[in-house]
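*Asks:* First the structure, then my questions, so here it is.
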Amino acid sequence: MSAPRADARRAYRGRLLTPIAGAAGGPAVRFLDDALLVVGEGGRIADVAPFTPGAFAGPVLNLRPAVLMPGLIDAHVHFPQTRIVGSASGALLEWLERSVFPEEARFRDGGYAALVAAEFTRCLLASGTTTCVAFSSSNAAATDLLFHALLRAGLRGIAGLTLMDQNCPEALCVPRDEAMAAARDLVQRWHGAGGGLLEFAITPRFAPTCSRGLMEAAAQLAADHGLLVQTHVAESPAEGEATLREHPWARDYVDVYDRVGLLSGRAVLAHGIHLAPREWDRIAETRAAIAHCPDSNFFLGSGRMRLSEARARGVPVALGSDVGAGRSFDMRRSMSSAFDNALCLGDRLTPAELFVAATQGAADALGLGHVIGSLDPGKEADFLVVRFPEHVAGEEEALNHLIFASDAVAVQRAFVRGKAVYPF
Ligand SMILES: [Zn+2]
Numbered sequence: 001m002s003a004p005r006a007d008a009r010r011a012y013r014g015r016l017l018t019p020i021a022g023a024a025g026g027p028a029v030r031f032l033d034d035a036l037l038v039v040g041e042g043g044r045i046a047d048v049a050p051f052t053p054g055a056f057a058g059p060v061l062n063l064r065p066a067v068l069m070p071g072l073i074d075a076h077v078h079f080p081q082t083r084i085v086g087s088a089s090g091a092l093l094e095w096l097e098r099s100v101f102p103e104e105a106r107f108r109d110g111g112y113a114a115l116v117a118a119e120f121t122r123c124l125l126a127s128g129t130t131t132c133v134a135f136s137s138s139n140a141a142a143t144d145l146l147f148h149a150l151l152r153a154g155l156r157g158i159a160g161l162t163l164m165d166q167n168c169p170e171a172l173c174v175p176r177d178e179a180m181a182a183a184r185d186l187v188q189r190w191h192g193a194g195g196g197l198l199e200f201a202i203t204p205r206f207a208p209t210c211s212r213g214l215m216e217a218a219a220q221l222a223a224d225h226g227l228l229v230q231t232h233v234a235e236s237p238a239e240g241e242a243t244l245r246e247h248p249w250a251r252d253y254v255d256v257y258d259r260v261g262l263l264s265g266r267a268v269l270a271h272g273i274h275l276a277p278r279e280w281d282r283i284a285e286t287r288a289a290i291a292h293c294p295d296s297n298f299f300l301g302s303g304r305m306r307l308s309e310a311r312a313r314g315v316p317v318a319l320g321s322d323v324g325a326g327r328s329f330d331m332r333r334s335m336s337s338a339f340d341n342a343l344c345l346g347d348r349l350t351p352a353e354l355f356v357a358a359t360q361g362a363a364d365a366l367g368l369g370h371v372i373g374s375l376d377p378g379k380e381a382d383f384l385v386v387r388f389p390e391h392v393a394g395e396e397e398a399l400n401h402l403i404f405a406s407d408a409v410a411v412q413r414a415f416v417r418g419k420a421v422y423p424f
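With full-length UniProt numbering, letter number 283 in the sequence shown gets 283, and the count goes up by one each step, no holes.
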């Protein structure tokens, strides 16, 4: 009898918490008190099942009582704002002028950009974020360094050169042709790199700082390569007024992006607080998604995003930290703030809904719902090992602690496509 073949698969035993992908009737979560997660070829999940002694032929890494869960997804974060978290310098436009633009100008210095890019990836992984959708600065070399850092860290990332060719300091302003040439170069270098873990995104900062010609050229590049578009919309009333002053040909804020073609493919619009019903309807028609960034909205006093408007129309909603207006890289903070935001509007979200918004729901909003977001066979194994207090038992307590008592809950390990990426 020949010896059994060595099994290249790896198995992890733990408690397990995962969204149920495609659950009918809204967000649903599954909790197993003793489970086995098997990672196979290409870092894909081969099996998830209740643990049975002897059922798996190879060695099993026993991590109980830690909980295995999908890696968290941050659908909106700014890499060059890593060092200005907590800058309480005013509402959106004032905060941009006083805190953001001077800091982002520093990213023309390659040494500084490389240093902060490494910090950025470490902050994400230490918080349990395994996928980020990130804005870079308007500097092409800094954006290149960001991609190098994401690759080195093993993160899954969608990132883009921030486009701005008007109404901004000279140090950040990049004319259309120069910006588009840089974007095309970055697409060639990075879109699909890391075996597909990395994507380049078309990233107009927001309508006030972008000319119509720049946005049209950017939309064309997105269409040519099937790129995700990310930008901001209707974050503050003053920003909305500036948008229509700058683009008087548009009927409203959403119409600016719509008319230039930025909503014709995959689009993720951050905030969406001050939107008229027509704008919500149009977002739904174009199948764009909203990145809801409640902690940032509280910090800048931007207002309350009405989740009910999105839900009534089936608009996908992901959560974003929006660092540096958000005060933490930790998506658990964003989940907790989303709960508070909804309460302010008389709405009560369940912990399961909040958990799904940072995992499967976010993956769906990004068009990655078949690849990541839950622990299901066939998906890529982006997962965390999270330590909970011993007394925490069952789905409800686990979710409550994860989201609302996160001081007592620690991310111990993180994996992307089956590869250990944290601790460093
Ligand atoms: Zn933002």
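Glycine included, every Cβ here is placed at the ideal spot set by N, Cα and C.
Check each candidate in Leu354, Val371, Pro423, Ser374 and name the one with the smallest Cα separation from Leu399.
*Replies:* In the sequence shown, the residue the question calls residue 399 occupies position 399. That would be Leu354, whose Cα lies nearest to the Cα of Leu399.
*Asks:* What does DSSP give as the partner residues of Asn167 in its beta bridges?
*Replies:* Numbered from its first residue, the sequence shown carries residue 167 at position 167. Beta-bridge pairing links Asn167 to no other residue.
*Asks:* Using CA coordinates, which residue listed in Leu125, Val315, Val268 is at the minimum distance from Leu366?
*Replies:* Working through the sequence shown from its first residue, we reach residue 366 at position 366. Out of Leu125, Val315, Val268, Val268 has the C-alpha closest to the C-alpha of Leu366.
*Asks:* By alpha-carbon positions, which one of Ser264, Ser328, Met180, His191 ends up nearest to Ala223?
*Replies:* By one-based count along the sequence shown, residue 223 stands at place 223. Taking only the C-alpha atoms, the option nearest Ala223 is Ser264.
*Asks:* Suppose you measure from the CA of Ala113 to the CA of Val29; what does that come to, to the nearest Å?
*Replies:* Here residue 113 corresponds to residue number 113 of the sequence shown, with the count starting at 1. Here residue 29 corresponds to residue number 29 of the sequence shown, with the count starting at 1. Cα-Cα distance, rounded: 39 Å.
*Asks:* Please state the DSSP three-state secondary structure of Phe424.
*Replies:* Against the sequence shown, residue 424 aligns to sequence position 424. Phe424 falls in the coil class under three-state DSSP.
*Asks:* Tell me whether the beta-carbon of Leu124 lies closer than 8 Å to the beta-carbon of Leu375.
*Replies:* Position 124 of the sequence shown, counted from the first residue, corresponds to residue 124. Position 375 of the sequence shown, counted from the first residue, corresponds to residue 375. No, they are not a contact pair.
*Asks:* So, helix, strand or coil for Leu197, using DSSP?
*Replies:* If you number the sequence shown from 1, residue 197 lands on position 197. Residue state, collapsed to three classes: coil.
*Asks:* According to DSSP, simplified to helix, strand and coil, what is His247?
*Replies:* As a first step, residue 247 must be located in the sequence shown, where it is residue number 247. Looking at His247 - three-state DSSP - the assignment turns out to be coil, as it is neither helix nor strand.
*Asks:* Using a Cβ-Cβ cut-off of 6 Å (strictly less than) and excluding sequence neighbours within five positions of Ala310, which residues of its own chain qualify?
*Replies:* The residue labelled residue 310 in the question sits at position 310 within the sequence shown. Excluding sequence neighbours, Ala310 sits near Ile290, Val317.
*Asks:* Quick one: residues in its chain with C-beta nearer than 8 Å to the C-beta of Met331, no 5 flanking neighbours on either side, listed in chain order?
*Replies:* Here residue 331 refers to the residue found at position 331 of the sequence shown. Correct list, in chain order: Leu72, Ile73, Asp74, Ser127, Gly128, Thr129, Leu319, Ser321, Ala358.
*Asks:* Given 7 Å as the limit, tell me if Asp322 has its C-beta closer than that to any heavy atom belonging to ligand 1.
*Replies:* For the purposes of this step, residue 322 is identified with residue 322 of the sequence shown, where counting begins at 1. In this structure, ligand 1 has a non-hydrogen atom nearer than 7 Å to the beta-carbon of Asp322.
*Asks:* Could you spell out where the alpha helix (DSSP H) holding Ile403 opens and where it closes?
*Replies:* On the sequence shown, position 403 is the one that residue 403 refers to. Where Ile403 is concerned, the enclosing alpha helix (DSSP H) stretches over 394-404.
*Asks:* Going by the beta-carbon positions, is the gap between Thr115 and Asp144 smaller than 8 Å?
*Replies:* Numbered from 1 along the sequence shown, position 115 holds the residue referred to as residue 115. Numbered from 1 along the sequence shown, position 144 holds the residue referred to as residue 144. The amino acid occupying residue 115 in the given sequence is Leu; Thr does not appear at that position. Result no, Cβ atoms of Leu115 and Asp144 do not sit closer than 8 Å.
*Asks:* Between Ala270 and ligand 1, is the CB less than 7 Å from at least one heavy atom?
*Replies:* The residue given as residue 270 occupies position 270 in the sequence shown. Ala270: yes, Cβ under 7 Å from ligand 1.
*Asks:* Identify, in the order they occur along the chain, each residue of the same chain with its Cβ nearer than 6 Å to the Cβ of Gly261, setting aside the five sequence neighbours on each side.
*Replies:* Along the sequence shown, read from residue 1 onward, the residue named residue 261 stands at position 261. So the qualifying residues of the chain are Ala219.
*Asks:* Quick check: the Cα distance between Phe135 and Ala284, rounded to an integer number of angstroms?
*Replies:* Reading the sequence shown from its first residue, position 135 is the one you call residue 135. Reading the sequence shown from its first residue, position 284 is the one you call residue 284. About 24 Å.
*Asks:* Tell me which same chain residues have a C-beta within less than 7 Å of the C-beta of Gly42, skipping the five on either side of it?
*Replies:* Residue mapping note: residue 42 aligns to position 42 of the sequence shown, counting from 1. Once the five neighbours on either side are set aside, Gly42 has no close Cβ partner at all.
*Asks:* Can you tell me whether DSSP reads Asn139 as helix, strand or coil?
*Replies:* Position 139 of the sequence shown holds residue 139. Of the three classes helix, strand and coil, the one that applies to Asn139 here is coil, per DSSP.
*Asks:* Can you name the start and end residues of the beta strand (DSSP E) that Glu69 belongs to?
*Replies:* By 1-based counting over the sequence shown, the position of residue 69 is 69. This sequence places Met at residue 69; Glu is not what is there. First-last of the beta strand (DSSP E) with Met69: 60-70.
*Asks:* From the DSSP secondary-structure annotation, give me the bridge partner or partners of Thr131.
*Replies:* What you label residue 131 is simply residue 131 of the sequence shown in a count that begins at 1. Paired residue(s): Ile73, Arg156.
*Asks:* Between the segment 332-351 and the segment 402-420, do three or more beta carbon pairs fall short of 8 Å?
*Replies:* yes
*Asks:* Would you kindly check if the distance between the Cβ of Asp382 and the Cβ of Arg413 is under 8 Å?
*Replies:* If you number the sequence shown from 1, residue 413 lands on position 413. If you number the sequence shown from 1, residue 382 lands on position 382. Not closer than 8 Å, so no.
*Asks:* In whole angstroms, what separates the C-alpha of Ile20 from that of Val356?
*Replies:* Numbered from 1 along the sequence shown, position 20 holds the residue referred to as residue 20. Numbered from 1 along the sequence shown, position 356 holds the residue referred to as residue 356. Rounded to whole angstroms, Ile20 to Val356 spans 9 Å at the Cα level.
*Asks:* Identify every residue that forms a DSSP beta bridge with Thr18.
*Replies:* Stepping through the sequence shown from its first residue, residue 18 is reached at position 18. Answer is Arg30.
*Asks:* Quick check on the DSSP output: what are the complete beta strand (DSSP E) runs of length 3 or more inside the segment 261-299, in order along the chain?
*Replies:* Qualifying beta strand (DSSP E) stretches, in chain order: 267-271, 289-292.
*Asks:* Could you please give the first and the last residue of the uninterrupted beta strand (DSSP E) stretch that includes Pro175?
*Replies:* Counting from one through the sequence shown, the residue named residue 175 turns up at place 175. Per DSSP, Pro175 belongs to no beta strand (DSSP E) and is neither H nor E.
*Asks:* For ligand 1, any of its heavy atoms closer than 7 Å to the Cβ of His292?
*Replies:* Position 292 of the sequence shown, counted from the start, is the residue given in the question as residue 292. Not under cutoff, so the answer is no.
*Asks:* Counting C-beta neighbours from all protein chains within 10 Å, is the total for Trp249 16 or more, i.e. buried, or is it exposed?
*Replies:* Translated into the one-based positions of the sequence shown, residue 249 becomes position 249. Exposed, since its Cβ has fewer than 16 Cβ neighbours within 10 Å.
*Asks:* Would you call the segment 94-111 in contact with the segment 41-57, where contact means no fewer than 3 C-beta pairs closer than 8 Å?
*Replies:* No, the segment 94-111 is not in contact with the segment 41-57.
*Asks:* Pull up the DSSP beta-bridge partners for Val39, would you.
*Replies:* Counting from one through the sequence shown, the residue named residue 39 turns up at place 39. According to DSSP, Val39 bridges with Arg10, Ile45.
*Asks:* Would Ala142 be called buried (16 or more neighbouring beta carbons within 10 Å of its own) or exposed?
*Replies:* As a position in the sequence shown, residue 142 is number 142, starting the count at 1. It counts as buried.
*Asks:* CB-CB under 6 Å to residue 482, same chain, minus the five flanking residues each way: which ones, in chain order?
*Replies:* Because the chain in this structure spans residues 1 to 424, residue 482 falls outside the shown range and cannot be described.
*Asks:* What residues in its chain sit with their C-beta under 7 Å from that of Val392, if we drop five residues either side in the sequence?
*Replies:* Counting from one through the sequence shown, the residue named residue 392 turns up at place 392. Correct list, in chain order: Ala398, His401.
*Asks:* At a cut-off of 7 Å, is His274 close to ligand 1 when judged by its beta-carbon and the heavy atoms of the ligand?
*Replies:* The sequence position of residue 274 within the sequence shown is 274, counting from 1. Not so, every heavy atom of ligand 1 lies at least 7 Å from the Cβ.
*Asks:* Quick one: give me the first and last residue of the alpha helix (DSSP H) that Ala318 is part of.
*Replies:* Your numbering for residue 318 matches position 318 in the sequence shown. No alpha helix (DSSP H) holds Ala318; the beta strand (DSSP E) holding it covers 317-319.
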